[in-house]
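Residue numbers (full-length UniProt numbering), protein chains in the order written: chain A, 1 to 439; chain B, 1 to 506.
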Amino acid sequence: MAAPLVLVLLVAVTVRAVLYRSSLAVFISERVEVASPLNAWKRVVEGLALLDLGVSPYSGDVFHETPLIIYLFHFLIEYAELVFMGTLKRSLSPYLPFLVFLLLLFSLVQFKKQKLLIELDQYAPDVAELIRTPMEMNYIPFKVALFYLLNPYTVMSCVAMSTCAINNTIIAFFILATIKGSAFLSAIFLALATYQSLYPLTLFAPALLYLLQRQFIPVKMKSKDFWVYAVQYAFLYLGSLVVIICLSFFLLNSWDFIPSVYGFILSVPDLTPNIGLFWYFFAEMFEHFSLFFVCVFQINVFFYTIPLAVKLKEHPIFFMFVQIAIISIFKSYPTVGDIALYMAFLPLWSHLYRFLRNIFILSCVLIVCSLLFPVLWHLWIYAGSANSNFYYAITLTFNMGQILLISDYFYAFLRREYYLTHGLYLTGKDGTEAMLVLK
Amino acid sequence: MAGASVPLGLLLLGGGRAESPRDALREELLLSPLPSGDLAATFQFRTRWDSELQREGVSHYGLFPKALGQLISKYSVRELHLSLTQGFWRTRSWGQPYLQAPAGAELWVWFQNSVTDVDKAWKDLSNILSGIFCASLNFIDSTNTVTPTASFKPLGLANVTNHHLLIYAVLPREVVCTENLTPWKKLLPCGSKAGLAVLLKAERLFYSSYHSQAVHIRPICRDASCLSISWELRQTLTVVLDIFSIGQGKKDWSLFKMFSRTLTEACPLASESKVYVDISSKDQENELLEVIPPPLSTHEAAVQGERKTYAVYDLLNPALFNVSRSLNVQLKWKRPQDGCYIHFQPAQDRRRPHLLEMLIQLPANSVTKITIQFERALLKWTEYTPDPNHGFYVSPSVLSALVPSVLAMKAVDAEQSPLFTSLFPSSDGTSYFVRLYTEPLLVNLPTPDFSMPYNVICLTCTVVAVCYGSFYNLLTRTFHVEEPSRGHLAKRLANIIRKLRGVPLL
């Protein structure tokens, strides 16, 4: 398995290198689907230039990265000039994050094997074909690598040098740490991910559930062990978050970054078109209701956590996947890099394929919409023959496709769980084949 | 010989006390930035000993090293110049050297008139020096020794005319290393423990493009009247630090970067301990050198035909160590022509615009282009003007300049002269003020569809509701096996119609 992995890696690096050196690189980095006001590389450069000029990077409305990122790139650029005379910074950035993602893969196999052993005896007798064999699980890391590295979304995000890749890296590290069972590291990486973009806060619940499961602590409201562990994990998480925020304060000696980063994420003042739902909604909103709908949309992201936690408390990894997908779809400035993150998880659930109902239509919708985005953008902005409604319509369709994809996978997952406990071949009272309905 | 008797007389007058001769140490470090970006550091330690070494029996050695003192008296040396150098001074890229020495070892000596067998004295002298400085000066023999007749005139006080008393030898093959530096440092009164000599660390000094250490002994006048003679020992060390290996490519230097040490105190035995930094401006690149900490005084001198300015740091001045215990002199270059003054106030959406001010010096006969990239965000539909398709204006830029005038203009009285000459105030007659504006920019920006607010709200909320609905179903409902039921009224009706059509029943 190492050889195909290395091959995939080489192909991925080559594709990125070729695109990076070609004239498409500029075109891709200008695309609004790939670079949002939060993670565009141009804005990072602007922030660094302002820092060198002595002006606070947050004094304008251009720069919305966290102080740790500023200093990371500041340090990288200085060191790069020193050693490689300035060429390293530009060439390293595309490759930084996806190299790290590979670590995630090997952890996922571990998780699956564990799960298998726990649940084997609970299943009904005739479900042998539903259970995943270790043989096919061996190929999962390779498939995840394939899905992430060769995903056109990731390639474009990489070539555009958007810092979305760094966010993905941190989330990948967080998932790795959670699966390995290290609560401390998991809390630290979750704090970093929350610090970077506010929404991974909701990943606290699946991480906690997984760690509890790993420690064999049942999730009951009355159980003392549960509360003890939950409070411990919460303390670790909140503590690291506070430390990181205070560190950012000391880096720049001001609290300016809080309204600039978190205020910006939450209040959505910048209405540049992107693949999300927020921009046109707030561009066309009556002024009177603006605050109300901002609150509604932000609550929408956080609001699925508790119900999902209740339903999926036995399956925290699937919960994590659904949560990451919800964040990617409903966050205030989504980009294709965020979508690529949850799409990388899809090979994990390849055994659900037989229960998916609409996978063909949904994949067609997603592919066609992705292709139509640049076309309709060009028609609206440059040719002037379309107007903003065209682009907006494609945004709606794309998001609808993603939502239905996630709910389809959720349906398939729940259906498989039902079959696992009740047997695959269901018969009605009179012996005929019965249908399964959601009631 | 006449000069020798006068000091004797002075001593006798003084009551016959054998007072020990006075000696004084002055130490100095000169930092000169070179045109190529490298930095030359010249250390000079000068011990002056008011004594007559011709007399035997002098046994009180203070600051003057005993090894050299005995050497001078035993072999009747008038002047001694020994240098050990590694590297070559590149005049083309570094400019004129203060004190250059040939690569390898160079030794030239003027003996006193009283010496009869110069060759023997020379041989013994070179062997002893070889031992003192751990250098292979014992390879000096007749094959590399000469007696110049025209050059190498005495540098100190001299009234000798006999050229046979001058001997010169050079060993280009001699290598300088730490073994030679250590005994050289030992000859210093404070050693390498205090004062400027703490900076002399071998790992930095030998990692340089040019390293030259020398010892110069010569007699000098004790005072202006020149009635008595003092002996002067100068130990000099010149090192050129390379911008790429030590400077890491940048032209900014500091004592710590150069020598990995800073100065904490002057040598207690020194009467003067100073650091000079050459801050005279060089015309080629029009860069300003800034020295940190700001010097407490400057010194102007005409050196090698040019007037140069030096920043002076006097280590014996307690005010120098007021702020911090260690002195780390830093040299930073500032480039004024890249816009020495830039003021940028970035915009905040819906509150204030961008403000960019730059003070530029335009080079002559050139074209300077300034480009700015900007983005304009999509606005809310209520924030557009009634004619949004006209476009948005970007305000024109302003250029204000003081243009040098070809004609010398007299200062005019505003009341007497015509109005068109007194529009702008002019401070002097050599330049006139002008203010120019660029064209405003009209940008046609995409607009949202203004007829759609309600539709957009409905459609977007529909998508959110689809998600909500799907998740609600999946979360609150569970799977059940469906029992085939008799069916409701609608189903029965449908079945009747189907039976009529001949189609299978529901």
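Just so you know, even glycine gets a beta-carbon here, dropped at the ideal spot from N, CA and C.
Taking Cβ positions only, does residue i come closer than 8 Å to chain B?
i, result
"residue 52(A)", "no"
"residue 387(A)", "yes"
"residue 416(A)", "no"
"residue 283(A)", "yes"
"residue 407(A)", "yes"
"residue 5(A)", "no"
"residue 84(A)", "Reliability of the predicted coordinates at residue 84(A) is poor, the pLDDT of 42 falling under 50, and no value is obtained from them."
"residue 90(A)", "Note that residue 90(A) scores a pLDDT of 49, beneath 50, so its modelled location is shaky; the value from the coordinates is reported in the next line. Cβ-Cβ to chain B under 8 Å: no for residue 90(A)."
"residue 439(A)", "yes"
"residue 273(A)", "yes"
"residue 200(A)", "no"
"residue 152(A)", "no"
Hey, quick one: how far does the alpha helix (DSSP H) through residue i stretch, first residue to last?
i, result
"residue 195(A)", "183-196"
"residue 62(B)", "First-last for residue 62(B): undefined, no H or E at that position."
"residue 25(A)", "24-30"
"residue 93(B)", "91-94"
"residue 149(A)", "140-149"
Give a yes or no on whether 8 Å exceeds the smallest Cβ distance from residue i to chain A.
i, result
"residue 490(B)", "no"
"residue 43(B)", "no"
"residue 467(B)", "yes"
"residue 460(B)", "yes"
"residue 70(B)", "no"
"residue 477(B)", "yes"
"residue 353(B)", "no"
"residue 339(B)", "Residue placement at residue 339(B) cannot be trusted, given a pLDDT of 49 that sits under 50; what the coordinates show is reported in the next sentence. So no, residue 339(B) is outside the interface."
"residue 258(B)", "no"
"residue 252(B)", "no"
"residue 347(B)", "yes"
"residue 453(B)", "yes"
"residue 448(B)", "yes"
"residue 424(B)", "no"
"residue 480(B)", "yes"
"residue 463(B)", "yes"
Output yes or no for whether 8 Å exceeds the beta carbon distance between residue i and residue j.
i, j, result
"residue 415(A)", "residue 321(A)", "no"
"residue 190(B)", "residue 269(B)", "yes"
"residue 439(A)", "residue 480(B)", "yes"
"residue 206(B)", "residue 226(B)", "no"
"residue 474(B)", "residue 491(B)", "no"
"residue 440(A)", "residue 264(A)", "Outside the displayed range of chain A (1 to 439) lies residue 440(A), so it cannot be described from this structure."
"residue 184(B)", "residue 235(B)", "yes"
"residue 344(A)", "residue 209(A)", "no"
"residue 19(A)", "residue 25(A)", "yes"
"residue 33(B)", "residue 331(B)", "yes"
"residue 241(B)", "residue 50(B)", "no"
So residue i is in the beta strand (DSSP E); what residue range does that whole segment cover?
i, result
"residue 234(B)", "229-241"
"residue 417(A)", "Taken as a continuous stretch (DSSP letters only), residue 417(A) belongs to no beta strand (DSSP E), being part of the alpha helix (DSSP H) at 388-422."
"residue 49(B)", "39-49"
"residue 433(B)", "431-437"
"residue 176(B)", "Counting along the chain, residue 176(B) falls outside any beta strand (DSSP E), and DSSP gives it neither H nor E."
"residue 310(B)", "306-314"
"residue 52(A)", "Unbroken run through residue 52(A) is the alpha helix (DSSP H), 41-53; no beta strand (DSSP E)."
"residue 274(B)", "270-278"
"residue 214(B)", "210-221"
### Message
Please give me, in chain order, every unbroken run of the alpha helix (DSSP H) with length at least 4 that falls completely inside the segment 323-359 of chain A.
### Response
336-343
### Message
Quick check for students: name the residue ranges of the alpha helix (DSSP H) that lie wholly in the segment 204-268 of chain A, counting only runs of 4 or more.
### Response
204-214, 224-252 and 264-267
### Query
Residues in the segment 387-404 of chain A with C-beta within 8 Å of chain B's C-beta atoms, listed in sequence order?
387, 388, 389, 392, 396, 399, 400, 403 and 404
### Message
Under 9 Å, CB to CB, which of the residues in the segment 372-390 of chain B have a partner in chain A?
### Response
373, 375, 377, 378, 379, 380, 381 and 382
#### Entry: Cβ-based contacts, 8 Å cut-off: residues of the segment 45-79 of chain A near chain B
50, 53, 55, 59, 60, 61 and 62
### Query
Going along the segment 220-231 of chain A in order, which residues come within less than 7 Å of chain B, judged by CB to CB distance?
none
### Query
If you measure beta-carbon to beta-carbon, which residues of the segment 368-384 of chain A are closer than 7 Å to chain B?
380 and 381
### Query
Taking only runs of the alpha helix (DSSP H) that begin and end inside the segment 97-169 of chain B, which ones reach a length of at least 4 residues, in chain order?
118-133
### Task
Run through the segment 155-180 of chain A for me and flag every whole alpha helix (DSSP H) of 4 or more residues, listed as ranges in chain order.
164-180
### Message
Please list, in chain order, the residues of the segment 92-117 of chain B that have any C-beta partner in chain A closer than 9 Å.
### Response
none
#### Entry: Members of the segment 245-274 of chain A that neighbour chain B once the beta carbon cut-off is set at 9 Å
269, 270, 271, 272 and 273
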